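In our numbering, the protein residues as written are 2 to 592. Note that the Cβ used here is the ideal one computed from N, Cα and C, for glycine as well. These figures come from a predicted structure and were not determined experimentally. Scroll down for the structure; my scribbles are underneath it.
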Ligand SMILES: [Zn+2]
């Protein structure tokens, strides 16, 4: 019989500890201490209380817990002395029937890992969906983490232990994150479509209007219809729009959504999560036969990443009347113009101005997105409320010095273009760090036609600077530019600077941010607020209507724009629950 939260909250300390027995491997003290936080508002609340106990237990206790774990496919498995929980997990991941080669490989990894770190490798082998990772995924994770820094690896082990516990708790309480699984499965299915050249390698790349891109649009369309949206169509730029009508005709709509294109060799959740989470909510409403006092419009934006054409935010931009006709003549790497690609996809260019929305017909815009950073993951917090989307500027620059003989030019007579840029890079690193939440990057840095024996005469480089407010960003840019002038002057080189992008910061609308905050708190998840370092479709809608975003934590250190990008179906379930809560709040406010 699964236990209920109410039973746990009401039980004596001893009985409650018994209910949570076996959660942490041979370490009942963690659950015992967490029980002091009763009553728990939700399972998410209990999970966080457990994380907190371990976070404050000190390094020795943390190491003790890690060392209480068996090795993967190790001696305990062979001699059948694993705990029931571990046996269940290792067999779900197929580790109980390894081939002799796989077994030997894992044994070697176990030995190498132990020798390096002094504790066993910990991986939540049931994975983000709870059904078990493949043996290849396990071995890949093992090999990658062998190169980790010990402090970070210790934390990664603890996070994996918490994930193991999360699944054990779900089993104990008989809880399945059903809607989270649904969202996870939709994303998995959508990730089957990938552009040629990447698909063969098992990599996910979906760029604007390729065959894979149009297949994605098709699949999202069908998913939306199956969920019970009243109207589903593809608009003039390829956005897939699903509308769920309000209870009364003429009522306003809530707009939400995110993008379905990806970067090259990207992750499965970036963008797509923000399409499927509200879809799951609409599916629920439809199944319950419910209409709200407002409509819901979910937009799957066709283009956000600017990969095939330099037309970043084309999808959301078109909705606010910012489609630039000059883009139509841009060519992709194969010489295909944007115009030709759109015509080939059956999109009607003349209709683009017609898709501009009238903001008066909308309540506002919300977007759910994977964090794409390490913050929530490090803090063991599943959801984060976004306070602002950072404003950013980008420049393409050229430093011009004098190319000269690397052997004969004395150090004090050089006009080294690369050293000048290097000096700027180091300055930017420390200047951005001073703000705490500004970031500055030189992501491109090359010496064209450089030679091993020539002092660099030219250096091409980029600048990317972002901050949560425009004032903070402008101050950062001003300091960096002043430093650049000084470097150029002192080193006797020249520089050409071209501004290629400037986007204003998009602070969340206070009333919309507050709705997300109430939703997160209602779930028993600790409230955490953070700015978004990355740009999102919400930035575009921000120009015409109030907006606010919700972030979900990423696994694997929060890595994104990378195939290792991941989040769990439990966290996705929390997103669906938070979104549903916002819908409830709006319903109450409008009734
Ligand atoms: Zn994105």
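Determine, using beta carbons only, whether residue 70 comes closer than 8 Å to chain D.
You won't find chain D in this structure, because it holds only one protein chain.
Quick check: the Cα distance between residue 290 and residue 226, rounded to an integer number of angstroms?
Here residue 290 is taken as the residue at index 289 of the chain shown, counted from 1. Here residue 226 is taken as the residue at index 225 of the chain shown, counted from 1. Going from the Cα of residue 290 to the Cα of residue 226 covers about 15 Å.
If we count the other Cβ atoms within 10 Å of its Cβ and call it buried at 16 or more, is residue 236 buried or exposed?
Mapped onto the chain shown, residue 236 falls at position 235. That one is buried.
Looking at the secondary structure, which residues open and close the alpha helix (DSSP H) in which residue 318 lies?
Numbered from 1 along the chain shown, position 317 holds the residue referred to as residue 318. Here the alpha helix (DSSP H) through residue 318 covers 315-320.
What residues match up with residue 53 in a beta bridge as DSSP calls it?
Taking the chain shown and counting its residues from 1, the one referred to as residue 53 is at position 52. Note: residue 53 sits in no beta bridge, so no partner.
With 16 as the cutoff for other CB atoms within 10 Å, does residue 260 come out buried or exposed?
The sequence position of residue 260 within the chain shown is 259, counting from 1. With 16 or more other Cβ atoms within 10 Å, it is buried.
Under three-state DSSP, which class holds residue 232?
On the chain shown, residue 232 is found 231 positions in, with the first residue counted as 1. Three-state result, residue 232: strand.
Would you check whether ligand 1 has a heavy atom nearer than 7 Å to the C-beta of residue 128?
Working through the chain shown from its first residue, we reach residue 128 at position 127. Set against 7 Å, the gap from the CB of residue 128 to the closest heavy atom of ligand 1 is not smaller.
Between the Cα of residue 271 and the Cα atoms of 218, 198, 330 and 372, which residue gives the shortest distance?
Working through the chain shown from its first residue, we reach residue 271 at position 270. The shortest C-alpha separation from residue 271 is found at 372.
Looking at the strands, I want to know which residues DSSP matches up with residue 243.
For this step, residue 243 is matched to residue 242 along the chain shown. Looking at the DSSP assignment, residue 243 forms a beta bridge with 233 and 299.
For my contact list, residue 528 and residue 521 are in at a C-beta cut-off of 8 Å; report their separation, rounded to the angstrom.
The residue labelled residue 528 in the question sits at position 527 within the chain shown. The residue labelled residue 521 in the question sits at position 520 within the chain shown. Between residue 521 and residue 528 the Cβ distance is about 5 Å, and since that is below 8 Å, they are a contact.
Residue 277 to residue 472, Cα distance in whole Å?
In the chain shown, residue 277 corresponds to position 276, counting from 1. In the chain shown, residue 472 corresponds to position 471, counting from 1. Rounded to the nearest whole angstrom, the CA to CA distance from residue 277 to residue 472 is 35 Å.
State yes or no: is the C-beta of residue 385 nearer than 7 Å to some heavy atom of ligand 1?
On the chain shown, position 384 is the one that residue 385 refers to. Residue 385 Cβ: outside cutoff for every heavy atom of ligand 1.
With DSSP as the reference, label residue 462 as helix, strand or coil.
If you number the chain shown from 1, residue 462 lands on position 461. Residue 462 falls in the strand class under three-state DSSP.
Below 5 Å from a heavy atom of ligand 1 - residues by beta-carbon:
Residue selection by CB proximity (closer than 5 Å to any heavy atom of ligand 1) returns 271 and 272 in chain order.
Would the region 137-151 count as touching the region 24-44 if we require 3 or more Cβ pairs under 8 Å?
The region 137-151 is not in contact with the region 24-44.
Using the beta-carbon count (16 or more within 10 Å), is residue 406 buried or exposed?
Taking the chain shown and counting its residues from 1, the one referred to as residue 406 is at position 405. By the 10 Å Cβ count, residue 406 comes out exposed.
Using only the alpha-carbon positions, how far apart do residue 88 and residue 100 sit?
Within the chain shown, the letter at position 87 stands for residue 88. Within the chain shown, the letter at position 99 stands for residue 100. Cα to Cα, residue 88 sits roughly 18 Å from residue 100.
Quick one: is residue 514 buried, meaning 16 or more other Cβ sit within 10 Å of its Cβ, or exposed?
On the chain shown, residue 514 is found 513 positions in, with the first residue counted as 1. It is buried - the Cβ of residue 514 has at least 16 other Cβ atoms within 10 Å.
Nearest-angstrom Cα separation, counted from residue 399 out to residue 449
Within the chain shown, numbered from 1, the residue matching residue 449 stands at position 448. Within the chain shown, numbered from 1, the residue matching residue 399 stands at position 398. Straight-line measurement puts the Cα of residue 399 at about 10 Å from the Cα of residue 449.
Whole angstroms is fine: what's the gap from residue 366's alpha carbon to residue 297's?
For the purposes of this step, residue 366 is taken as the residue at position 365 of the chain shown. For the purposes of this step, residue 297 is taken as the residue at position 296 of the chain shown. For residue 366 and residue 297, the distance between alpha carbons rounds to 10 Å.
Is the CB-CB distance between residue 467 and residue 439 below 8 Å?
In the chain shown, the residue the question calls residue 467 occupies position 466. In the chain shown, the residue the question calls residue 439 occupies position 438. Taking 8 Å as the Cβ cut-off, residue 467 and residue 439 qualify as a contacting pair.
Taking Cβ to Cβ, would you say residue 240 is nearer than 8 Å to residue 307?
Within the chain shown, residue 240 is the residue found at index 239, counting from 1. Within the chain shown, residue 307 is the residue found at index 306, counting from 1. In this structure, residue 307 does not lie closer than 8 Å to residue 240 by Cβ.
Which stretch, first to last residue, makes up the beta strand (DSSP E) that contains residue 550?
Translated into positions along the chain shown, residue 550 becomes position 549. 548-553 is the span of the beta strand (DSSP E), which, as asked, contains residue 550.
Please list, in chain order, all residues of the same chain as residue 125 whose beta carbon is under 6 Å from its beta carbon, the five residues on each side excluded.
Numbered from its first residue, the chain shown carries residue 125 at position 124. Correct list, in chain order: 161, 164 and 165.
Rounded C-alpha distance that separates residue 479 from residue 433:
Walking along the chain shown from the start, residue 479 turns up at place 478. Walking along the chain shown from the start, residue 433 turns up at place 432. It is roughly 12 Å from the alpha-carbon of residue 479 to the alpha-carbon of residue 433.
Short Cβ contact (8 Å threshold) for residue 91 with residue 97:
Residue 91 sits at position 90 when you count from the first residue of the chain shown. Residue 97 sits at position 96 when you count from the first residue of the chain shown. Note that the C-beta distance between residue 91 and residue 97 is below 8 Å.
Does the structure place the region 331-343 close enough to the region 502-518 that three or more beta carbon pairs sit under 8 Å?
The region 502-518 is not in contact with the region 331-343.
Quick one: give me the first and last residue of the beta strand (DSSP E) that residue 256 is part of.
Locating residue 256 in the chain shown gives position 255, where the first residue counts as 1. Residues 254-260.
Spatial neighbours of residue 562 within its chain, please: CB distance less than 6 Å, with the 5 preceding and 5 following residues excluded, ordered by chain position.
As a position in the chain shown, residue 562 is number 561, starting the count at 1. So the list reads 264 and 267, once near-sequence residues are dropped.
Using the beta-carbon count (16 or more within 10 Å), is residue 188 buried or exposed?
Taking the first residue of the chain shown as 1, we reach residue 188 at position 187. With 16 or more Cβ atoms within 10 Å of its Cβ, residue 188 is classed as buried.
Using 8 Å as the cut-off, can you tell me whether the region 36-45 makes contact with the region 202-216, which would need three or more C-beta pairs spanning the two stretches below that distance?
Under the Cβ criterion (8 Å, minimum of three pairs), the region 36-45 does not count as touching the region 202-216.
Going by beta-carbon coordinates alone, are residue 595 and residue 443 separated by less than 8 Å?
Limits of the chain in this structure are 2 at one end and 592 at the other, which puts residue 595 out of reach.
Could you name the residues of the same chain whose beta carbon sits closer than 6 Å to that of residue 502, not counting the 5 residues immediately before and after it, in chain order?
Here residue 502 corresponds to residue number 501 of the chain shown, with the count starting at 1. Cβ-Cβ distances below 6 Å link residue 502 to 395 in the same chain, with the five nearest sequence neighbours on each side left out; the list follows chain order.
Taking all protein chains shown into account, do 16 or more other C-beta atoms lie within 10 angstroms of the C-beta of residue 485, making it buried, or fewer, making it exposed?
Taking the chain shown and counting its residues from 1, the one referred to as residue 485 is at position 484. So residue 485 counts as buried.
As a quick exercise: from 383, 275, 397 and 393, pick the residue whose alpha carbon is nearest that of residue 500.
Residue mapping note: residue 500 aligns to position 499 of the chain shown, counting from 1. When only C-alpha atoms are compared, the closest one is 397.
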